[in-house]
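Taking the working numbering, I'd label the letters of the sequence shown as residues 58 to 879. Take a look at the structure below.
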Amino acid sequence: MANIVLPIPHLTSHPPPHLLKTNPKLFLDLLVIFPHSTSFSYFPYPIPPRYPNPSFYFHFQHYSSDCPTLTGHTSLKVNSETSQISSASLCFSLNRWFHNGHSIMVAGEAVVSMGVVVLLWLEVSLFPCGLSQAGRSQSLSSPEVVIPSKVTNRSRGAKAPGWLSYSLQFGGWQHVVHMRAKKILVSRHLPVFTYTDQQALRQDQPFVPDDCYYHGYVEGALESLVSLSTCSGGFQGMLQINNITYEIEPIRHSTTFEHLIYKINTNETEVSLMRCGLTNKAHQQLEFEEAEKLTLRQNSAYNWWTHSWFLELTVVVDHNFFIYCQSNFSNVQENVFVVVNIVDSIYQQLGTYVILTGIEIWNHGNVFPMISIEQVLEDFSQWKQISLSQLQYDAAHIFIKNSLISVLGIAYVAGICHPPIDCGVNNFKGDPWSVFALTVAHELGHTLGMQHDEEFCLCGQSACIMNAVRVPSERFTNCSYADFTKTTLNQGSCLYSPPIPGAVFMLKRCGNGVVEGEEKCDCGSIKQCEQDPCCLLNCTLKPGAACAFGLCCKDCKFMPAGELCRRQVSECDLPEWCNGTSHQCPEDVYVQDGIPCSDDSAYCYQKRCNNRDEQCREIFGEGAKSASQICYKEINSQGNRFGHCGINGTTYLKCRTSDIFCGRVQCENVGGIPHLRDHSTLQYTHINGVTCWSIDYHLGMNIPDVGEVKDGTICGPGKICLHKKCVSLSLLSRVCLPETCNMKGICNNQHHCHCGYGWSPPYCLHRGNGGSVDSGPAPARRVFLPLVVTLALSVLLLPLTATFMYLRKRFGPKETKTQASD
C-alpha cells in the first residue's frame with residue numbers, strides 16, 4: 058500500500074470523445090488492479106509526443122466496487138528511465154480536463170491510500186508504431202530538440218541541381234546536411250494486399266509519394282550517411298556521422314518545425330541478446346539442405362563487372378506487426394517505406410538500389426504459426442511460392458513481431474535470384490525504425506550471400522552490419538564485399554536491370570492514371586481530375602469532349618486531318634499526321650533498313666544513319682574521325698574491354714579479321730578529353746605513328762554504349778555490321794523497292810511506299826499530297842500568307858512606281874544655273 062496525493066474533481070461526465078481520438082498513433086493500454094475492485098475495463102488514451110522529458114503519462118479507466126455507479130479514470134506518471142510510478146491521479150466523474158504540458162490534470166487534491174497490485178503491460182499494444190520504453194532506453198540516448206533550418210548558400214558544398222541543404226545543431230556541433238530525392242525507391246504502382254473478413258485477398262494501389270524520400274551526406278564528415286523521409290511533414294530517419302548513428306523524428310503538431318534527435322547507443326551489454334538467428338549450426342544445416350540447389354553457375358549473360366544493381370523487394374507484414382501499428386494500413390505502409398528507405402541508402406554503398414515492389418499485410422491473423430525462427434523461414438519460403446506468385450520480386454522478406462522468438466532474424470544465405478530460398482525473416486523488437494532497418498539490411502545481406510563477419514573482416518568501425526550481434530553500423534566489411542561480389546557474379550542475373558514499369562504488378566482500376574479496358578480516360582486522383590478539362594472522375598469523357606489525351610487531341614477535340622503529330626527526326630525517319638477521327642498519332646514508321654543515306658556514304662538502319670566518323674564526333678567532339686584500318690585491326694583483335702566483338706560469359710571475344718570494323722569504334726584526330734559518365738575509361742594507343750582512341754563499357758553502367766560500332770554501319774562494299782559481324786547487305790529484308798513506288802517515293806519499315814509531295818499512296822501513281830498508308834493523310838502544301846500578300850503588293854506597286862519615276866523625270870522642274878558678277 059502507498060499513500061499518493063491525488064487530485065479529486067467534483068465533476069460529472071466522461072472525458073470528451075475528441076480527446077480520445079487525439080494523436081491515435083501514440084497510445085498505451087494498461088490494466089491496473091486496485092484493492093476492493095471487482096470489475097475492470099480499460100481504454101487507450103493518447104500519449105503526448107516525446108519530448109526531452111523522462112516522464113510519460115498513462116491514462117486508463119476502472120470501475121470500483123466501492124462506488125459501482127461511478128467510473129474512475131486514473132492517470133499515472135511513469136519515469137521513462139526507471140519505469141517506476143512517481144505519481145498518480147484518481148479522477149471520478151470527470152468532465153473538465155486540462156492539458157498542462159504533457160499531462161492531463163484536474164482540480165482538487167486529497168490523500169488516498171491505494172495499492173497497485175498488477176500492471177499488465179500488453180506487448181502488442183505498448184507504444185504502437187513506436188517503441189517500448191525498455192527498448193528505447195536501451196537503444197537511444199536522451200533526445201535533443203533541434204530545429205532544422207534550410208541553407209540556401211550552395212557554396213557550402215551542396216551539389217546542384219536537385220540537392221537540398223539543411224543546418225542542424227546537436228551534439229554541441231553545427232551540422233549541414235545535403236540530400237536529394239530518390240527516384241526509384243518505390244514502384245510507381247505499388248500493390249498492397251490485405252484480407253477481407255472472409256479471408257479473401259484484397260488488392261489496392263494506394264497513393265505513394267515519390268518525392269519525399271531522401272539520400273545524402275553530412276558536410277565535412279567523411280563516409281557520412283543520411284537517409285530521411287519528409288512524407289509526414291518533417292524529417293524522419295537516420296544520420297550517420299563519424300561512426301555515430303542518430304535517429305531523427307518530427308515533434309507532431311510543432312509550430313516551429315521542432316524535431317527530436319537521439320543517439321543510438323552502442324553499449325554491448327545492452328545489445329548482447331540482439332543476435333541474428335543464423336548460428337553456425339543453422340548455417341551448416343541450411344547449406345546442407347540447399348547444396349544441390351545453389352550450384353555455382355557461370356554468368357552466361359554479361360554483367361560480370363557492374364556498378365549498379367537493382368534489387369526488387371517485396372515485404373510481408375505479420376499480424377502482430379499490424380496490430381503494433383494500431384491496425385492501421387497507412388501506418389504499416391509508412392513505416393515499411395521508412396525502413397526500406399534506410400536499407401536502400403545503406404546498400405547504395407554497394408551500388409545496389411533496393412526498390413519496394415509490393416506489400417502484403419496479414420490483418421486477420423498469421424497464415425502459419427510463429428514458433429521458431431527456423432520454422433518461420435521454412436514456412437514462409439513455401440507459402441510465398443504460391444501466394445506471392447502474382448508479384449515480381451528478387452527477394453521477399455517478412456516483418457514479424459514476436460517476443461517468444463528471441464533472435465532478430467534469419468535468411469537463406471545466397472538465396473537471391475533463386476526461388477524458393479530468396480527470402481528472409483526480420484523480427485521487430487520495438488526498436489526505432491532506423492535500428493530495425495539495420496536488422497533488415499543484415500538479413501538482406503544474407504540473401505545476397507554475405508556471411509557473418511569474422512575477426513579479420515574490417516570496415517573502419519569496431520563492428521559492422523554483418524556482425525552476428527546487431528550494432529548501430531551501416532558499413533559493410535571487406536568480407537561482405539567479397540561475398541556480395543561472388544554471389545552476384547555467379548547468380549545475380551535478376552539484379553542487372555531496373556524494374557520495367559509494365560512488368561511490375563499493376564491493379565487495373567479507374568483512378569490509377571492509366572487508361573485500361575473500357576475506360577475513355579483516366580485523370581488519376583480527385584485533385585488531378587478537378588484540374589482536367591476533359592475527363593471525369595469515373596473515367597468517362599466530360600459532355601462535349603471527344604478526347605482527353607493523345608498527340609492528336611487538343612482542347613478535348615480531335616485535331617484536324619493533316620496536322621503534324623510526330624516530326625521527322627533524321628533523314629532515316631518519316632513524319633506522321635493526324636487523321637481527324639482519332640486522338641492517337643499513327644504508329645511511328647521510318648525509312649526501310651538498307652536504304653542509302655548521308656550522300657550514299659551510309660545506310661539507314663532502325664531509324665538511324667550510322668557511320669563511324671559521326672560516332673567519333675559524338676564521343677570526342679568536332680574534328681574527331683574514325684581511325685585508320687590499322688587501329689581497328691590491332692585493337693579489336695586483342696579481345697579486351699577496349700577492343701572486342703562481344704562477350705561470352707566473362708570472356709571478351711577477339712574480332713576476326715573480316716569483322717574488325719564491327720567491334721569497338723576506334724578514333725583519331727582527338728583534340729581533348731570528353732566529359733563522360735562515371736566509371737568510363739578512355740584508352741589511347743600509338744601504332745605506327747597513329748594515335749588510336751577508344752572507350753570501354755560494361756553493362757553494369759546502365760547507359761547506352763556509345764563506343765560499340767552500331768548495327769547497320771558500313772564495314773565494306775555492300776556490307777554492314779550486324780551483331781558484331783560484317784555481313785552482306787542482302788541479308789536485310791527489302792520487299793519494297795524504288796520501282797514499287799514508281800520512283801516517286803521511298804519505302805518505309807512496313808514495306809509500304811511513302812510518296813513525295815505531289816503523289817499519293819499506296820504506289821505513288823496518282824497526284825496527291827504525299828505520305829503513306831501508315832503515316833496518316835499528308836497536308837496540302839501551305840503557302841505562307843504574309844509572303845503571298847507581299848508578292849501581290851509588289852506586283853501591283855511595281856508598275857505604279859515605274860510610271861511615277863518616268864513622269865517625274867520627263868516633266869519635273871529643270872535646273873537653273875546662275876553666274877555671280879563682280
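All C-beta atoms in this analysis are idealised placements derived from N, C-alpha and C, irrespective of residue type, glycine included. Bear in mind the structure is a predicted one, so any value in this text is a computation, not a measurement.
{"Check": "Q886 vs E280 beta-carbon contact at 7 Å", "Outcome": "In the structure displayed, the chain extends from 58 to 879; residue 886 sits before or after that span and is not available."}
{"Check": "Residue span of the alpha helix (DSSP H) that contains F264, given as start and end", "Outcome": "That residue, F264, is in no alpha helix (DSSP H); it is neither H nor E in DSSP."}
{"Check": "Inter-stretch contact (C-beta, 8 Å, three-pair minimum) for the segment 667-674 and the segment 857-864", "Outcome": "no"}
{"Check": "CA nearest to the CA of P836, picked from S463, S694, Y814, C629", "Outcome": "Y814"}
{"Check": "Residue interval of the alpha helix (DSSP H) (run including S438)", "Outcome": "430-444"}
{"Check": "Rounded separation between E201 and T302 - CA only", "Outcome": "14 Å"}
{"Check": "Local conformation of V203 per DSSP, three classes", "Outcome": "strand"}
{"Check": "Cα-Cα separation between I308 and P489, rounded to whole angstroms", "Outcome": "15 Å"}
{"Check": "Collapsed DSSP secondary structure at L754 in the structure displayed", "Outcome": "Going by the sequence as given, residue 754 is Tyr instead of Leu. Here Y754 sits in coil by DSSP."}
{"Check": "Assumed close pair T13, C514 - CB separation to whole angstroms, cut-off 8 Å", "Outcome": "Since the first residue shown for the chain is 58 and the last is 879, residue 13 is missing from the structure and cannot be characterised."}
{"Check": "L631, DSSP secondary structure in three states", "Outcome": "coil"}
{"Check": "Close Cβ partners of V747 (< 8 Å) along its chain, the five nearest in sequence each way excluded", "Outcome": "A684, S685, I687, C688, E725"}
{"Check": "Residue of F485, I467, G570 minimising C-alpha distance to D479", "Outcome": "I467"}
{"Check": "Environment of A257 [buried if 16+ CB atoms lie within 10 Å]", "Outcome": "exposed"}
{"Check": "Whole-number beta carbon distance between I418 and T251, since they are thought to touch under 8 Å", "Outcome": "5 Å"}
{"Check": "Close-in-space but distant-in-sequence residues of the same chain around E882 (CB under 6 Å, 5 per side omitted)", "Outcome": "With the chain covering 58 to 879 only, the question about residue 882 has no answer from this structure."}
{"Check": "For R791, three-class secondary structure by DSSP", "Outcome": "coil"}
{"Check": "Closest Cα partner of D267 within the set A278, Q508, E304, C288", "Outcome": "C288"}
{"Check": "Contact under 7 Å by Cβ, L413 with L445", "Outcome": "no"}
{"Check": "Counterpart residues of Q740 in DSSP-defined beta bridges", "Outcome": "S751"}
{"Check": "Beta-carbon contacts of Q226 that lie in its chain and below 7 Å, excluding the five residues immediately before and after", "Outcome": "V203"}
{"Check": "T714 to Q695 span [Cα, whole Å]", "Outcome": "11 Å"}
{"Check": "According to DSSP, residues forming a beta bridge with E369", "Outcome": "I412"}
{"Check": "Cα-Cα separation between V646 and Y741, rounded to whole angstroms", "Outcome": "40 Å"}
{"Check": "Among I416, V400, C609, the one whose alpha carbon lies nearest that of Y450", "Outcome": "I416"}
{"Check": "Given R665 as reference, the closest of G651, Q255, H316 once Cα atoms are compared", "Outcome": "G651"}
{"Check": "Neighbourhood of V572 by C-beta distance below 7 Å, restricted to the same chain and skipping five residues each side", "Outcome": "C578, D579"}
{"Check": "Cβ shell of I34 (< 7 Å), same chain only, five flanking positions each side left out", "Outcome": "Only positions 58 to 879 of the chain appear in the structure, and residue 34 is not among them; the question remains open."}
{"Check": "Range covered by the beta strand (DSSP E) that runs through E304", "Outcome": "301-307"}
{"Check": "Given G219 as reference, the closest of V208, A238, W230, Q255 once Cα atoms are compared", "Outcome": "A238"}
{"Check": "Segment limits, beta strand (DSSP E) that includes W230", "Outcome": "230-238"}
{"Check": "Residue interval of the alpha helix (DSSP H) (run including H732)", "Outcome": "Where H732 is concerned, there is no enclosing alpha helix (DSSP H), given that its DSSP letter is neither H nor E."}
{"Check": "The alpha helix (DSSP H) enclosing F541, as first and last residue numbers", "Outcome": "535-548"}
{"Check": "Cβ distance (whole Å) where H780 is taken to contact D762 below 8 Å", "Outcome": "The pair is not a contact, with the Cβ atoms about 14 Å apart (cut-off 8 Å)."}
{"Check": "Anticipated Cβ contact below 8 Å, E765 with R721, distance rounded", "Outcome": "6 Å"}
{"Check": "Test item: CB-CB of V393 and A494 under 7 Å", "Outcome": "no"}
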